[in-house]
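Engineer: Have a look at this one.
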Amino acid sequence: MKIKATEIVDTFAEAFKMYGTRVIITAETKAWAMAAAQSITGFATSVIGCKCEAGIEQEISADSSPDGRPGVSVLLFAMDADSVGKRLVERIGQCVMTCPTTACYSGLKSEHSVNVGGQLRYFGDGFQISKLLNDKRHWRIPVMDGEFVIDDQFHVQESVGGGNILILGKTQKAALNAANAAVKAMRQLPDIILPFPNGVVRSGSKVGSRYKSLIASTNDAYCPTLRSVSKKTELDKDINCVLEIVIDGLNLEAVETAMRVGIESAIKPGIKQISAGNYGGGLGQYQIQLHELLPQAQ
Amino acid sequence: MALILKLHTQPDVPLEADCICPDKFAQLSLQQVEQLPVFHGNRQVALGDFFHCSGDNDGHIQIEGDISKLKHIGSMMSFGSIRISGSVGVHTGAAMSGGEIIIEGDADDWLGPEMLGGRIVVKGNAGHMVGSGYRGSTVGMQGGEILVLGNVKNETGHVMRRGLIAVNGNAGDFTGVNMLAGNIFVFGEMGIRTGAGMKRGSIVSQTEPQMLPTFSYACRYRPVFLTHYLSYLVESGFSIDPDMTRGEFERWCGDSVELNRGEILFYTGK
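See below:
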């Protein structure tokens, strides 16, 4: 399939079942809420090395936030619900509770929940106060600027991680321009995050390594510097830069929509191909076919 | 459609009508409902001696007429609803654990004593001992909520342990006396000795109460958790100064003759 001068490779993105949650952080100002959101989503690019994947979903106006103050919603994903809970306790405890004026709420409704505020409350050293309103418990933990308010339970739901597109450019500049455009468009969408720096990853990985201690290593098939030495190279001679955008979403539809929007936005001069990363279909629970995302182009 | 009880004969003396409750009406025909026993003073009579019964017995009860002499309506109620078109007598909703009672008029003393859950809404005023424990009880209200759009009298929330009592108007003396925990909101004037003997819990006032000497000033700040309660109460029909959600409160801790873990928060302005 070709759109303008860009070929959409007939392949699929291999995505995985993960567990995700939405965290809503509010504060006296948007800047403080964003500071906490940036902190909680730091070092959360890949479950391989960070134990979770997290990103900022969107800003929330004071009118629609839980406590009438400006806020930011964050999505966080891990491989199981318990892991989500552990990461939330660590990250909210270190990155949100520490940030002046913030409060932290669960932003999902689902059958499963994990205890977060109920564990962080012990920081209050016995001075913490529980409040139960409308069958929902939250905690008031005394801190030096007043109180940190946090929900007792955070809801967790089955989600989809590892949706992705690969942008194969003739030059680094062209690939960066296309990736930036794709990220800008995808970040307007709800229920997804792009966990890598500015939404883009250059060190795409394959499963395994010649070194036994590593479970993943560089994706040599897409490294331009290895075109002549890698037996698995997927790159034509005029491709000199590949960038990947990874998408985690609260459901498959959101990931598919983001991939479609990303592909459409990345079709720019200098982009020879748009492809996707997969492991042959043997690992992930979901195979998102690129051509099926763009039926109108066929 | 609810089961409608229409008062046709005003009782001469208080009528003990704890049978007026969705739990006790369950599975009964209208004729059987009318035959349920009530105490008119010290004499046992039938509910039908005072009420016409009509409609569907679907867990919802609508009472029409002035029933300010009826006691114990909705006692031990666990589900459904009771809507009272006028005023109601004492002990309404005693020890109820679920469901909703809506009173369009006033409620007499002992509204929702030792309540465990559910919701009572009074659109008029309520009397003494709202959500309290009975004399000799160590624990009063243990859950649920009582919302009074008018005023209340003395000892609101006496020994309450959990739940929410909110008063849009004024409160009498000894609000939250010996309170164990829970939340009391008063948006009018407070009487004297607010929070006397309280162990834990929150008493929130729109006006500055006369503070007991056993309470100590902590700070002036903006309690974020209050925004949840205030917006909930606005949704429930309370008229609240919108500036309160963005305003500051003084926090006083007490009562130091007890655990000293309770708090009185009063609004100081924007």
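Here the protein sequences come in this chain order: A and B. Quick note: the first sequence uses my numbering, first residue 25, plus one each step. Quick note: the second sequence uses my numbering, first residue 833, plus one each step. Here a beta-carbon is modelled for each residue, glycine too, at the ideal position from N, C-alpha and C.
1) Should G963 of chain B and G995 of chain B be called a contact, given that it needs their Cβ atoms to be closer than 9 Å?
2) Rank B:H884, B:K955, B:A998, B:L1091 by C-alpha distance to the C-alpha of T1046 of chain B and give the top, closest one.
3) For the alpha helix (DSSP H) containing E114 of chain A, name the first residue and the last one.
4) Do V113 of chain A and Q143 of chain A count as a contact pair if the criterion is CB distance below 9 Å?
5) Which complete alpha helix (DSSP H) runs does the segment 169 to 244 of chain A hold, if anything under 4 residues is left out?
6) What is the DSSP secondary structure of K323 of chain A, reduced to helix, strand or coil?
7) Measure the Cβ-Cβ separation of R1025 of chain B and F1006 of chain B and say whether it is below 9 Å.
8) Using a C-beta cutoff of 9 Å, does P90 of chain A count as contacting chain B?
9) D844 of chain B: which of B:D850, B:V953, B:R875, B:A834 sits nearest, CA to CA?
10) Considering only residues of the same chain and omitting the five flanking positions on each side of N222 of chain A, which have a CB-CB separation below 6 Å?
11) Would you call the segment 834 to 853 of chain B and the segment 295 to 302 of chain A in contact, with 3 or more CB pairs under 8 Å?
12) Spell out whether any CB of chain A is found under 9 Å from the CB atom of H904 of chain B.
13) What would DSSP say about Q859 of chain B, mapped onto helix, strand or coil?
14) Opposite L996 of chain B in the DSSP bridges: which residues?
15) Which whole-angstrom value describes the C-beta separation of V270 of chain A and L218 of chain A, a residue pair presumed to lie in contact below a C-beta threshold of 8 Å?
16) Assuming contact is defined by CB atoms lying nearer than 9 Å, are Y129 of chain A and V180 of chain A in contact in what I supplied?
17) In chain order, what residues of the same chain have a beta carbon less than 6 Å from the beta carbon of Y1099 of chain B, not counting five sequence neighbours either side?
18) Which runs of the beta strand (DSSP E) at least 3 residues long sit entirely within the segment 898 to 928 of chain B? Give them in chain order.
19) Checking 9 Å against the spacing of the C-beta atoms, do E81 of chain A and S70 of chain A come in under that value?
20) Determine whether the Cβ of R993 of chain B lies closer than 9 Å to any Cβ atom of chain A.
21) Under a three-way DSSP split, which group does A102 of chain A fall into?
22) Below 9 Å on C-beta distance, what does P1055 of chain B contact in chain A?
23) Look up K155 of chain A in the DSSP assignment and give the residues it is bridged to.
24) What are the residues in the segment 125 to 152 of chain A lying within 7 Å of chain B by C-beta distance?
25) Are the Cβ atoms of D890 of chain B and L837 of chain B separated by less than 9 Å?
26) By DSSP's criteria, H315 of chain A is part of a beta bridge. Which residues make up the other side?
27) Do A39 of chain A and I191 of chain A come within 9 Å of each other at the CB atom, strictly closer than that value?
28) Excluding the 5 residues flanking L274 of chain A on each side, which residues of the same chain have their C-beta closer than 6 Å to its C-beta?
29) Using a Cβ cut-off of 9 Å (strictly closer), state whether R1032 of chain B contacts chain A.
30) Does R93 of chain A come within less than 9 Å of chain B when only Cβ atoms are used?
31) Leaving out five residues on either side along the sequence, give the residues of the same chain with a beta carbon under 6 Å from the beta carbon of H136 of chain A.
32) Please classify P869 of chain B: does DSSP put it in a helix, a strand, or coil?
33) Under 9 Å Cβ-Cβ, which residues of chain A neighbour L996 of chain B?
34) Can you find the residues in the same chain that come closer than 7 Å, C-beta to C-beta, to G131 of chain A, ignoring five residues on each side of it along the sequence?
35) For the alpha helix (DSSP H) containing I283 of chain A, name the first residue and the last one.
Structural biologist: To lay it out plainly:
1) yes
2) Each of B:H884, B:K955, B:A998, B:L1091 was checked against the Cα of T1046 of chain B, and the nearest Cα belongs to B:L1091.
3) For E114 of chain A, the enclosing alpha helix (DSSP H) covers residues 105 to 115.
4) It is a contact, given that the beta carbons lie within the stated cut-off.
5) 196 to 210
6) There is no way to answer for residue 323 of chain A, as the model of chain A reaches only from 25 to 322.
7) Yes.
8) yes
9) Checked all of B:D850, B:V953, B:R875, B:A834; the closest Cα to D844 of chain B is B:R875.
10) Scanning its chain for C-beta atoms nearer than 6 Å, with the 5 sequence neighbours on each side dropped, one finds no residue around N222 of chain A.
11) no
12) no
13) coil
14) In the DSSP assignment, the residues bridged to L996 of chain B are B:E977, B:N1015.
15) 7 Å
16) A distance of 9 Å or more separates the beta carbons of Y129 of chain A and V180 of chain A.
17) Q1038, M1076, G1079, F1081
18) Fully enclosed beta strand (DSSP E) runs of 3 or longer: 913 to 916.
19) no
20) no
21) The answer is strand: DSSP assigns A102 of chain A an E or B state.
22) R164, G170, E171, V173
23) In the DSSP output, where bridge partners are listed per residue, K155 of chain A has A:H162.
24) A127
25) no
26) DSSP lists no partner for H315 of chain A.
27) no
28) G44, S183, D215
29) yes
30) So yes, R93 of chain A belongs to the interface.
31) Only A105, V180 meet the Cβ criterion.
32) strand
33) Proximity of chain A to L996 of chain B at the Cβ level (cut-off 9 Å) is accounted for by L156, L157, in chain order.
34) R46, V47, I48, S97
35) As written in the sequence, residue 283 of chain A is Met, which differs from the Ile given in the question. Note, M283 of chain A: alpha helix (DSSP H), 276 to 290.
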